[in-house]
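Here the working numbering = 1-based position in the sequence shown + 4. From the three backbone atoms N, C-alpha and C, an ideal C-beta is built for every residue, glycine too.
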Amino acid sequence: MKTKLYNLVLLLLCFTGVAQAQIDKMEPPFWWSDMNLEELQIMFYGENIGTYKVSSEDEVIINNIRKTENPNYVFVTINSGDLAAGDYQFTFSKKGKRNITKTFELKQREEGSALREGFDASDAIYLIMPDRFANGNPDNDSSAEMQEKADRSKQGGRHGGDLQGVIDNLDYLDDLGITALWSTPLLADDDAGYSYHTYAQSDVYKIDPRYGTNEDYKRLADELHKKDMKLIMDYVTNHWGSEHWMIKDLPTYDWVHQFPGYANSNYRMTTQYDPHTSQRDFKYCVDGWFTGTMPDLNQSNPLVLNYLIQNAIWWIEYSGLDGFRVDTYSYNDKDGIAKWTKAIMDEYPYFNIVGEVWMHDQAQISYWQKDSPIGAIQDYNSNLPSVMDFTLHDAMTSMFNEPDVSWDRGMIKAYENFVNDFLYADTDNLMVFMGNHDTGRFNEIYDGDFQKYKMAMTMIASVRGTPQLYYGDEIGMRGDKGKGDGAIRQDFPGGWKGDEQSAFTAEGRTETQSQYFELTSKLLNFRKENEVLQFGKMLQFLPENNVYVYFRYNDKNHVMVVINNNAEDQTLDLKKYAEGVQSSTSGKEIISGETIQLDESLSIKAQDAMLIQLQ
5 MKTKLYNLVL
15 LLLCFTGVAQ
25 AQIDKMEPPF
35 WWSDMNLEEL
45 QIMFYGENIG
55 TYKVSSEDEV
65 IINNIRKTEN
75 PNYVFVTINS
85 GDLAAGDYQF
95 TFSKKGKRNI
105 TKTFELKQRE
115 EGSALREGFD
125 ASDAIYLIMP
135 DRFANGNPDN
145 DSSAEMQEKA
155 DRSKQGGRHG
165 GDLQGVIDNL
175 DYLDDLGITA
185 LWSTPLLADD
195 DAGYSYHTYA
205 QSDVYKIDPR
215 YGTNEDYKRL
225 ADELHKKDMK
235 LIMDYVTNHW
245 GSEHWMIKDL
255 PTYDWVHQFP
265 GYANSNYRMT
275 TQYDPHTSQR
285 DFKYCVDGWF
295 TGTMPDLNQS
305 NPLVLNYLIQ
315 NAIWWIEYSG
325 LDGFRVDTYS
335 YNDKDGIAKW
345 TKAIMDEYPY
355 FNIVGEVWMH
365 DQAQISYWQK
375 DSPIGAIQDY
385 NSNLPSVMDF
395 TLHDAMTSMF
405 NEPDVSWDRG
415 MIKAYENFVN
425 DFLYADTDNL
435 MVFMGNHDTG
445 RFNEIYDGDF
455 QKYKMAMTMI
465 ASVRGTPQLY
475 YGDEIGMRGD
485 KGKGDGAIRQ
495 DFPGGWKGDE
505 QSAFTAEGRT
515 ETQSQYFELT
525 SKLLNFRKEN
535 EVLQFGKMLQ
545 FLPENNVYVY
555 FRYNDKNHVM
565 VVINNNAEDQ
575 TLDLKKYAEG
585 VQSSTSGKEI
595 ISGETIQLDE
605 SLSIKAQDAM
615 LIQLQ
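As structure tokens, this is what we get:
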């Protein structure tokens, strides 16, 4: 009896040992053959897996095996360049232990993948917060595997918007004249509260189950592409969330910046290039955590940098992305983020990446754009194709409330913004916007004044760069940021079953919503069909009487834009604008549809805008 009991216990221990000795995670989970990035670093994670010897099939060349102070990790670098699509076995062996095998798949790459074309100035981008846009699948509002559950009554809670809701409403975006969709992050965020914004990610290879699945995300890209629309992923290189599984079991002590432990960023991004900055201030900007729940990733650690590069490329290849918007771009280690950006652009030379560089000076924003003449002063090149025009946004938050003629108020702010375009390497590759998920709502700032929205939207649709619209602005949505971020991230009307009215359909919109939508749609659809507003040159005139006039032109077309921010009607002497009007004697005003005679003068109503296609 004792012998049988002993043997049973021994058998159970053997099975227990086998169960413990396993690979819990492998990242990336698969890859593709025929990639430009041939050196592939595969991370294996499991209890004490780093104490095992790693080998592979003969045709797999292992270039490096990196083990860290944490025995639960091993990083295996292979050369995938000559490997055909198929399954490859890795074996983990240890004396006295049963061998562990893990299959790694190389998939066949889609034809033309490397040559995909990213978003550019021919596009109009629509920014959504998916949790607040539309709930297409109520069954995934909460998830057993995630901490925070849906509660639409909470301003900062999860409301249930998801990928299916976005897919269901793509016709709405198409009608609006949108050609590219930027969603705030959709990857898993397992924070106990306020997780809907998803910038504190807990697994960067997985779509948050409350939004859907990885397959749903790929389906969104496919459905957009059927409509000749593009998908832009909001990518976070600077930090993860404290609930990320790797943060809870760090591969290396310096995977994140430590002080030791937590210290907050001072948010002073100017320390990145200030020639007089103290090392302490520089360190607290770059290495400090964005918040206490967002540990700062160390891009100067080659393991971290390579992980982030491969993860970004994986999502592009897997889901068919057309661009990245990179959160907090200028908070990253600037040499590390330049390498990250270059690696992606080397893989996809026609892709596009726009970085959030939230600064209030054109020279400082320009520093972060590829081939910047400002960055060149310090021999720095970020390789980043596009940056966000925050100085134009700054002007837009005040200038339409300044109707009186003044030296430095009103429309002169717009004029001066474009004067500084000489600081940029590529003005076509700037993102222009009235607002986003972090700023005050435009229609709240201007108290729902449609005429001020009309002036601003006309400008956004007709200046150089790529226009970006924040969801709901096109129907006059408001929200006071002073009452919390949730106030500027309200649910889109009609996105939830049982909503009293829907703005997704023409029949469902109120009169006010229709007024906003029709203007926005008219401007964006005209822009979509006219290359002159996408890549044409710009000619601007000094504002007079708070009236700003500029032209977009190419060899075939000229468009005249007139914005009257004066509190009174104005009559323009067209002789002053002969350089732009040239021989045209008439034009079609796109917003009203009327034919305009361009004889000696042009009249425009108070606080109004005109967009005239010259004939």
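The three-state reading of DSSP puts Ile182 in coil, since its state is none of H, G, I, E or B.
In the DSSP annotation of this structure, the continuous segment of the beta strand (DSSP E) that includes Thr575 starts and ends at Gln574 to Asp577. In this chain, Arg482 is not harboured by any beta strand (DSSP E), its DSSP state being neither H nor E. Where Thr599 is concerned, the enclosing beta strand (DSSP E) starts and stops at Thr599 to Gln601.
Between His248 and Asp291, the gap from beta carbon to beta carbon reaches 9 angstroms or more. Annotated three-state conformation of Tyr474 is strand, per DSSP. Counting only the Cα atoms, Asp573 lies some 43 angstroms from Gly327. Classified as exposed, Trp411 has fewer than 16 neighbouring CB atoms from the shown chains inside 10 Å of its CB.
Relative to the Cα of Gly452, the nearest Cα in the group Trp500, Tyr520, Ala491 and Phe508 belongs to Tyr520.
Lys485 and Gln494 have their C-alpha atoms roughly 11 angstroms apart. CA-to-CA, the gap between Ile492 and Met39 works out to about 41 angstroms.
Here Phe48 has Ile27, Met30 and Val78 as same chain residues with Cβ atoms under 6 angstroms from its own Cβ, once five neighbours each way along the sequence are excluded. In the structure shown, the three-state DSSP call for Val64 is coil.
Scanning Asp220, Met542, Leu578 and Thr188 for the CA closest to the CA of Val563 turns up Met542. Residue state for Lys158 is assigned as coil, using DSSP reduced to three classes. For the pair Gly379 and Ser386, the CB atoms are nearer than the 9 angstroms cut-off. A direct Cα-Cα distance of roughly 10 angstroms separates Pro471 from Met392. CA-to-CA, the gap between Asn68 and Leu44 works out to about 10 angstroms. When C-alpha distances from Gly340 are compared across Glu360, Ser304 and Asp212, the shortest belongs to Ser304. Per the C-alpha coordinates, the member of Lys230, Asp503, Leu228 and Asn302 positioned closest to Tyr257 is Asn302. Counting C-beta pairs closer than 8 angstroms gives three or more between the segment 224-239 and the segment 169-185, which meets the contact rule.
Gln611 is positioned such that its CB atom lies closer than 9 angstroms to that of Met459. For Thr345, the enclosing alpha helix (DSSP H) stretches over residues Lys338 to Glu351.
In the structure shown, Glu448 adopts helical secondary structure according to DSSP, grouped into three states. According to the DSSP assignment, Pro306 belongs to the alpha helix (DSSP H) that extends over Pro306 to Ser323. For Val436, the pairing in a beta bridge is given by DSSP as Pro471. The bridge partners DSSP lists for His562 are Tyr557. As computed with DSSP, Ile129 is found in a beta bridge with Ala184 and Gln472.
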